[in-house]
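From first to last, the protein sequence lines stand for chains F and B.
Residues 0 to 442 in numbering that gives the first Met the number 0 are what the first sequence spells out, letter by letter.
Residues 0 to 545 in numbering that gives the first Met the number 0 are what the second sequence spells out, letter by letter.
In this text, a Cβ means the ideal position worked out from N, Cα and C, and glycines have one as well.
Since this is a predicted model, take the numbers as computed values, not measurements.
The structure appears below as structure tokens.
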Amino acid sequence: MLIRTPRPHRRAILRGLLGGAAVTVALPFLEVFTDGRAHAADGGFPKRFGLFFWGNGMQPDRWTPPDMGAGYRLSEQLAPLGDLSAHVSVVTGTHVTVPNDAPHGAGPAGLLSGSRLVTRAGGDTHATPTIDQVIARAIGTTTRFASIETAAQAHPKAMSFNGPDNTNPPEWVPARLFERLFGGGFVAPGEERVVDPRVRLRRSVLDAVLADGNRLRAQVGRVDRARLEQHFEGIRALEHRLAALEADPPNLAACARPGAPPADFPPDEAGRYPLQAVSRAMGELLVMALACDQTRVFTHVFTDPVNNVLFPGASAGHHQLTHDEPGDQPEVAAIMQQVVTEYAWFVDALRAVPEGDETLLDHCVLLGTSDVSLGRTHSLEDYPLLLAGSACGALRAGVHYRSPAAESASKVMLSVLRALDLRVAEWGVDTARVTDGLSAIEA
Amino acid sequence: MARHGWCFGLLWMLGACGPSAGTDVPLPPDAGEAAPDAAAPTPAPPLEPGPAAMVRLTRAQYQHVIADVFGPDVVVPGPLEPDVALDGLWAIGAGSSTISPRGVEGYEAAAFAIAEQVAAAPAPGVLPCGLGQPGCVEAALPVLGHRLWRRPLTADEQAAVLAIARDATAELGSPRDGLTFGLAALLQSPWFLFRPTLGATDGPTRPVTDAEYATRLAFFLWDSTPSAGLLAAAEAGDLARPSGRRAWVEALLDDPRAARGVRAFFNDYLKLRELDALTKDPAVFARYSPELGPMAREETLATLAWLVLDVEGDYRAAFTDQTTFLNRKLAALYGVPAPAAEGFARADLPADGPRAGLLGQASFLAQHAHPVSSSATLRGRFIRETLLCGTIPAPPADVDTSLPEPSGDLPTLRDRVAVHMTAPSCAGCHQVMDPIGLGLEQFDGLGRFRETENDTPIDASGALDGVPFADARGLGEAIAAHPKLTACLTRKLYSYALGRAPTVGEAGELVRLEAAFAASGYRVKALLAAIALSDGLRTIAVPGED
Numbered sequence: 000m001l002i003r004t005p006r007p008h009r010r011a012i013l014r015g016l017l018g019g020a021a022v023t024v025a026l027p028f029l030e031v032f033t034d035g036r037a038h039a040a041d042g043g044f045p046k047r048f049g050l051f052f053w054g055n056g057m058q059p060d061r062w063t064p065p066d067m068g069a070g071y072r073l074s075e076q077l078a079p080l081g082d083l084s085a086h087v088s089v090v091t092g093t094h095v096t097v098p099n100d101a102p103h104g105a106g107p108a109g110l111l112s113g114s115r116l117v118t119r120a121g122g123d124t125h126a127t128p129t130i131d132q133v134i135a136r137a138i139g140t141t142t143r144f145a146s147i148e149t150a151a152q153a154h155p156k157a158m159s160f161n162g163p164d165n166t167n168p169p170e171w172v173p174a175r176l177f178e179r180l181f182g183g184g185f186v187a188p189g190e191e192r193v194v195d196p197r198v199r200l201r202r203s204v205l206d207a208v209l210a211d212g213n214r215l216r217a218q219v220g221r222v223d224r225a226r227l228e229q230h231f232e233g234i235r236a237l238e239h240r241l242a243a244l245e246a247d248p249p250n251l252a253a254c255a256r257p258g259a260p261p262a263d264f265p266p267d268e269a270g271r272y273p274l275q276a277v278s279r280a281m282g283e284l285l286v287m288a289l290a291c292d293q294t295r296v297f298t299h300v301f302t303d304p305v306n307n308v309l310f311p312g313a314s315a316g317h318h319q320l321t322h323d324e325p326g327d328q329p330e331v332a333a334i335m336q337q338v339v340t341e342y343a344w345f346v347d348a349l350r351a352v353p354e355g356d357e358t359l360l361d362h363c364v365l366l367g368t369s370d371v372s373l374g375r376t377h378s379l380e381d382y383p384l385l386l387a388g389s390a391c392g393a394l395r396a397g398v399h400y401r402s403p404a405a406e407s408a409s410k411v412m413l414s415v416l417r418a419l420d421l422r423v424a425e426w427g428v429d430t431a432r433v434t435d436g437l438s439a440i441e442a
Numbered sequence: 000m001a002r003h004g005w006c007f008g009l010l011w012m013l014g015a016c017g018p019s020a021g022t023d024v025p026l027p028p029d030a031g032e033a034a035p036d037a038a039a040p041t042p043a044p045p046l047e048p049g050p051a052a053m054v055r056l057t058r059a060q061y062q063h064v065i066a067d068v069f070g071p072d073v074v075v076p077g078p079l080e081p082d083v084a085l086d087g088l089w090a091i092g093a094g095s096s097t098i099s100p101r102g103v104e105g106y107e108a109a110a111f112a113i114a115e116q117v118a119a120a121p122a123p124g125v126l127p128c129g130l131g132q133p134g135c136v137e138a139a140l141p142v143l144g145h146r147l148w149r150r151p152l153t154a155d156e157q158a159a160v161l162a163i164a165r166d167a168t169a170e171l172g173s174p175r176d177g178l179t180f181g182l183a184a185l186l187q188s189p190w191f192l193f194r195p196t197l198g199a200t201d202g203p204t205r206p207v208t209d210a211e212y213a214t215r216l217a218f219f220l221w222d223s224t225p226s227a228g229l230l231a232a233a234e235a236g237d238l239a240r241p242s243g244r245r246a247w248v249e250a251l252l253d254d255p256r257a258a259r260g261v262r263a264f265f266n267d268y269l270k271l272r273e274l275d276a277l278t279k280d281p282a283v284f285a286r287y288s289p290e291l292g293p294m295a296r297e298e299t300l301a302t303l304a305w306l307v308l309d310v311e312g313d314y315r316a317a318f319t320d321q322t323t324f325l326n327r328k329l330a331a332l333y334g335v336p337a338p339a340a341e342g343f344a345r346a347d348l349p350a351d352g353p354r355a356g357l358l359g360q361a362s363f364l365a366q367h368a369h370p371v372s373s374s375a376t377l378r379g380r381f382i383r384e385t386l387l388c389g390t391i392p393a394p395p396a397d398v399d400t401s402l403p404e405p406s407g408d409l410p411t412l413r414d415r416v417a418v419h420m421t422a423p424s425c426a427g428c429h430q431v432m433d434p435i436g437l438g439l440e441q442f443d444g445l446g447r448f449r450e451t452e453n454d455t456p457i458d459a460s461g462a463l464d465g466v467p468f469a470d471a472r473g474l475g476e477a478i479a480a481h482p483k484l485t486a487c488l489t490r491k492l493y494s495y496a497l498g499r500a501p502t503v504g505e506a507g508e509l510v511r512l513e514a515a516f517a518a519s520g521y522r523v524k525a526l527l528a529a530i531a532l533s534d535g536l537r538t539i540a541v542p543g544e545d
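Laid out in structure tokens, this is it:
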């Protein structure tokens, strides 16, 4: 992707003077425009997007709330939302409308990229960027980090794609994320900024690297040119990050340098990986990264597709249970409550940050979803979709909408994009393409 | 990736896996299926060169290069861009993936960390001059750039990097800073992070340059960059002659760094890289700890490096040999005497014991299993797909896959998976995986030997493509004798060398290499040399632009 407009000055953005940063994305071409509201929403707070992803789906009959609309009653699996349900909309009954030809892979590609998975022996990929990157290209151009990817699971898979064979690998060690976000270069409100002369020199190094790269680019074939262009995009993003270090930091009231997380997270008392503790440590850093306007887009992989995580209390790995547990799978159901508990933790943490008369949550969309709906059969029907926050009132919060006619889940994605002020005419390709959002969740 | 327990009804209808056990699973259509057992007198077709993959350095290669160029004490901070597998290999993923924004950040941090260490305390011989001497930075950077980019820098490139160094020296005050910034620029360049193979001439097929060939050899055989000596020899034309090439390939294979190369290949091919993430339920497996995965990998890599390079043995013996390398923890897991000292030591397993070869090692048995139990399907799938290069299609969606729970009627896994082996909707694919995996059921999900499951004796007998076996050791012998085993290794090693899957035009080359492998008595060292010297490594196709 080439960002064709020069980086606007931060103050200009806060005054809402940015009109239409045109960006292009790789394959297919999709014109994305934003208007000023994305950057200076009501009250001057930017809109943000987060994705909370978990693997192995859910159980639709235990997931779907029993009634529709605002004030819906909670289902068994959504019970951990509790009072937060007033801030969380639930969409059920939609389908991910791509061929279901790769269990656990077709769903994320179809939903998050709006395209059919590219299936290859020993290494699938997405044909098109994931929604977080489409959003980051529109609303992430002014912050230090266009997007941040994290995971709670150790050795995670990337769920964020810039394009084919180009992922954004998630950070799974909280101490490393802390160093990246709040280590060298971060200036908290009230702290004096000292511009290190090395920052300018580092930028000139990157300029030289780009020049070298262009000489190479001229000598290779089409496919390798595209790979190099993606590399160059990352170099430009780093230049931008260094330039942000030299500019005045955003001064947001809720921003404070968080405490450093522990270097290690010991196993839980049963000797299992401390998934919850790591997820929450990541969450605290992500929430503060939003509050400090270091980024406006994040993807948190709570667990991978096909993960065999040993959840507390479970007698086997999650994926194995979804297939092997007989009957109505009470162990899988108990795991789902743990997953929703961690989604609810994020919602609550966003709500705890005041921004003006509202909260950070009010300025967010936090999408919660998975790789399948019913894990046992790898179904893409009746897909799990949670939306917390209203994106500054653009989405209806706290409603349950059940699609009566198996609409495409792509409509939800299009509604999210529009709620974040991306002026897009459509989302998805081929069978996943839609031109209308889901009006029931739009304010 | 626990793909277990799927029913493959649709695939069976399509015949994708074949309805009966014992059928050969075909290699992919581009795989050079012409195996030497065809006994056909027609000569293999000549090589049509394939395209050159522009390979990105893997994480391990990056570290090896830094150690080789700047000395083993230089610390490379992480995280670098993760490696991704394609067609089962990191080596192929490195030929098609790119560098993410996060990766750029990691490479920048690593470049400065390395450059600062080198500028502060260069190891002997790294710099051509003392940093205090006037003009040393200007002299050193072109030399280092030549080594790192594996070719001399052009005048423009030299001028650019020296300008950075001058700027940094002036701004920060010392030549050390100039060297740091100049070196950091060299280390972030795509000329360093990727290995471009552009060729020596124009035209649709062309020879690679001698320096590019040296680079391919070094990364193939050492998992690292060419030594200064090899690069100089290439630039002097030594590799243009067959005798020169042979001499250098022999020298590379006799160098201690060849062990690093052999380990890198098997780490990738056998998916041992995934053992870092090995997770077992400690409540079920008391002997599990997070170090077990890396230890199990070390056992397998030490065994293979020994077989390939120290004794130059027959690859097929890797599945039947009882020589291995154990530390105390693995010895305890296997129930054999512990080595006398800390660390790994060569061990010969009891001749009358149940365990032999790679399939008796925890690296295989524990990895291809569930966190709480064994898995005949996962073990069978690895043997079928990875060791024998068969294809098992991804299972279809929308099928109920559950297995019955253990019970009085169904005490062992063999009883429970019977549903997948007999139900017509499941048997097509499971018949080519589960019967092999059931041969290993006397090893639990961590690799401990057991004779019973739920107080019932385990039946580990079966057949691999018509060859009967009684237990795991018999299965190892059947795999060693399987006609696909050595052809599969040939194909994977060739792919690994090139950073891409073979093309149809390389089928004949694979046949010739497999024949050379056979003629050597299946010595992997001989196959490494044959691939290193093959035309496939020295010629590339450059297709016209679409």
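State the CB to CB distance for the pair residue i and residue j, rounded to an integer number of angstroms; the pair is presumed to be in contact (CB under 8 Å).
i: threonine 129(F); j: serine 407(F); result: 17 Å between Cβ atoms; not a contact.
i: glycine 139(F); j: threonine 294(F); result: 7 Å
i: threonine 455(B); j: threonine 485(B); result: No, threonine 455(B) and threonine 485(B) are not in contact; Cβ-Cβ is about 38 Å, not under 8 Å.
i: proline 50(B); j: alanine 496(B); result: About 14 Å; that fails the 8 Å criterion.
i: alanine 255(F); j: alanine 207(F); result: Wrong, their Cβ atoms sit about 37 Å apart, outside the cutoff.
i: alanine 546(B); j: glutamate 440(B); result: It is not possible to answer for residue 546(B), since the shown part of chain B is limited to 0 through 545.
i: alanine 246(B); j: alanine 210(B); result: Actually they are not in contact, since the Cβ atoms of alanine 246(B) and alanine 210(B) sit about 17 Å apart, beyond 8 Å.
What residue does the alpha helix (DSSP H) around residue i start on, and which one ends it?
i: aspartate 209(B); result: 209-221
i: phenylalanine 48(F); result: Taken as a continuous stretch (DSSP letters only), phenylalanine 48(F) belongs to no alpha helix (DSSP H), being part of the beta strand (DSSP E) at 47-53.
i: glutamate 156(B); result: 154-171
Helix, strand or coil for residue i, going by three-state DSSP, please let me know.
i: serine 414(F); result: helix
i: tyrosine 333(B); result: helix
i: proline 494(F); result: The structure shown does not extend to residue 494(F), since chain F is modelled only from 0 through 442, so no value can be given for it.
i: tryptophan 171(F); result: coil
i: phenylalanine 69(B); result: helix
i: threonine 298(F); result: strand
i: isoleucine 539(B); result: strand
i: tyrosine 400(F); result: strand
i: asparagine 266(B); result: helix
i: isoleucine 440(F); result: helix
i: serine 222(F); result: Sequence inspection shows valine at residue 222(F); the serine mentioned does not correspond to that position. Helix at valine 222(F).
Residues of chain B with CB under 7 Å from residue i, in chain order?
i: threonine 166(F); result: Ser99
Along chain F, in chain order, which residues have C-beta atoms closer than 8 Å to that of residue i?
i: methionine 53(B); result: Val219, Asp223, Arg226
How far does the beta strand (DSSP E) with residue i in it extend, from its first residue to its last?
i: glycine 236(B); result: Careful: glycine 236(B) lies outside any beta strand (DSSP E) and carries neither H nor E.
i: glycine 162(F); result: 160-162
i: serine 369(F); result: 363-369
i: alanine 408(F); result: Counting along the chain, alanine 408(F) falls outside any beta strand (DSSP E), and DSSP gives it neither H nor E.
Which residues in the same chain as residue i place their Cβ atom closer than 7 Å to its Cβ, once the five residues preceding and following it in sequence are excluded?
i: aspartate 176(B); result: Ala167, Thr168
Tell me which same chain residues have a C-beta within less than 6 Å of the C-beta of residue i, skipping the five on either side of it?
i: arginine 221(F); result: none
i: tyrosine 212(B); result: Leu238, Arg537
i: methionine 412(F); result: Ile130, Trp426
i: serine 409(F); result: Gly113, Trp426, Gly427, Ala431, Val433
Give the interface partners of residue i over in chain F, defined as CB-CB distance under 9 Å, in chain order.
i: phenylalanine 219(B); result: Those within 9 Å of phenylalanine 219(B) in chain F number zero; the least Cβ separation is about 20 Å.
Spatial neighbours of residue i within its chain, please: CB distance less than 8 Å, with the 5 preceding and 5 following residues excluded, ordered by chain position.
i: threonine 538(B); result: Leu46, Pro48, Thr204, Arg205, Pro206, Val207
i: serine 494(B); result: Asp86, Leu88, Ala90, Ile91, Ala500, Pro501
Using a cut-off of 8 Å between C-beta atoms, extract the partners of residue i located in chain B.
i: arginine 119(F); result: Leu85, Asp86
Problem set entry | Short-range partners of chain D found in the segment 187-200 of chain B, where Cβ spacing is below 7 Å | Within the model displayed, chain D is absent; protein chains F and B are what it includes.
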